[in-house]
Each structure stands twice: as C-alpha cells, then as structure tokens.
Amino acid sequence: MFTELTIAHPYLMGFAKFAVLATIGELLAIRIVGGHWKTPPGLVYRSAVWGFLGMGIVLMFEIFFAGTASALSKGLLYSGNGVPQPVFQAVFTSAIMNLTFAPTFMAFHRFTDTTIDMVCGEGRKIGDISLAEVTNRIDWQGFVSFVVLKTIPFFWIPAHAVTFLLPPEYRILVAASLSIALGAILAYAKRKNK
C-alpha cells in the first residue's frame, strides 16, 4: 500500500513524510540539546512548512535525477570505467543537487523558521514584520560556515548519494528520515560544546 500511495500521490506523500519525520527530527534535536521534551513555538506551522518543503523535494529529486541521467548519456559527466553507472548517477545527482539547490532550500527554511519564531514565539503580527528584520535575525555567518560548508559536503552529499541508489518510491522517505539523523547529530554536537 505504501508503494502504491507513493507512486499515485507523490506530492501528498512527500508532504506527509516530511511533515511527520522532519518535525520528529526537530523535536528530537530540542530534546537532546535541552535535556527534556519541549514544543517549539508554532509547531503546527513548522510541520506544515516541512510538508510543503517535502513536496518541493519530490520535484527536485526527479528533476536532478533525470537531468543527471541525461548529462551522463550525452557524455557531459564522467561515467567511469568499471564502476556501475547507477553509482555515478547517484553521486553526481547528490552532488549537483546539494551544491546548487540545497543552499537556497536551507536559506528559505531559515527564513520560514525565523518568521514562525517571531509570530508564534514573540506574538508579532506577520504584517508588521519586514523582510529586513527577518534576514537580520538569521546568523548568516553560521549558516554558510557550518550548514553550507560542513553539512553539505560531509553529510548531505554522501547521504543523498546512498538515497539515490534506492528505488524511487523509497527516496523521499529516506530523505525525510535523514532529517531525524542530522537533527540528532547536530543537537548532540551542540550539547557537547556547551
């Protein structure tokens, strides 16, 4: 039934997988850092944002996987000697996607989380919040130096390379599950550095 639903309703299932699993990842990270379970402000909105991001990821996975296959077939990417083509396609898809799409996706998610914090955590009205105010609250130095320059090459590219070796109907589920793993890893590192 899972496979049939994923194939028949990819966006709906992408929404559900990310809304549930990525939200669990956020809650787990808060638990690891704080030592107790705590609900962040605007949890329902955060979950909805994760769901919509999951829908976008469904589309991006297809676009990048098909694009990489096309580039490989035209000789635009190295296809190796002795290494099965699915391995090259998975690695190239992951690298290209994570080096181009992922930083924008992650920055947008920082923006939505910051806005939710301002509205639900501080009681601000969304119409009273300016774009400049939201962007000024984001730690862009930390975002680039850690999220982009460390998590992308050392976590996301290898993890998604493995993900792209899986049958298509399981890729989004695994991608959403990776949010739990990364949340736990980052929270543990943050707690250890306290």
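Residues 19 to 212, numbered by this note's numbering, are exactly what the sequence shown covers, in order. Beta carbons: idealized from backbone N, C-alpha and C, even for Gly. None of these values were measured; they are calculated from a predicted model.
Excluding sequence positions up to five before and after residue 142, its CB lies within less than 8 angstroms of the CB of 136, all in the same chain and listed in chain order.
In the pairwise beta carbon analysis, the stretch 72-82 is classified as touching the stretch 172-190: at least three pairs are separated by under 8 angstroms. For residue 93, no alpha helix (DSSP H) run applies, since DSSP gives it neither H nor E. Within 10 angstroms of the beta-carbon of residue 190 lie 16 or more other beta-carbons, which makes it buried. In this model, residue 36 and residue 65 are separated by some 8 angstroms (Cα to Cα). The beta carbon of residue 49 sits closer than 6 angstroms to those of 55, all from its chain and outside the five residues before and after it, given in chain order.
Rounded to the nearest whole angstrom, the C-alpha separation of residue 145 and residue 72 is 26 angstroms.
Secondary structure at residue 147: coil, using DSSP grouped into helix, strand and coil.
Per the Cβ contact rule, the stretch 120-135 is in contact with the stretch 152-163 (3 or more Cβ pairs under 8 angstroms).
Relative to residue 149, the option among 163, 164, 133, 162 whose CA is nearest is 133. Within the same chain, and ignoring the five residues on either side of residue 197 in sequence, the residues whose Cβ sits closer than 7 angstroms to its Cβ are 39, 40, 43. The Cβ atoms of residue 187 and residue 24 lie closer than 7 angstroms to each other.
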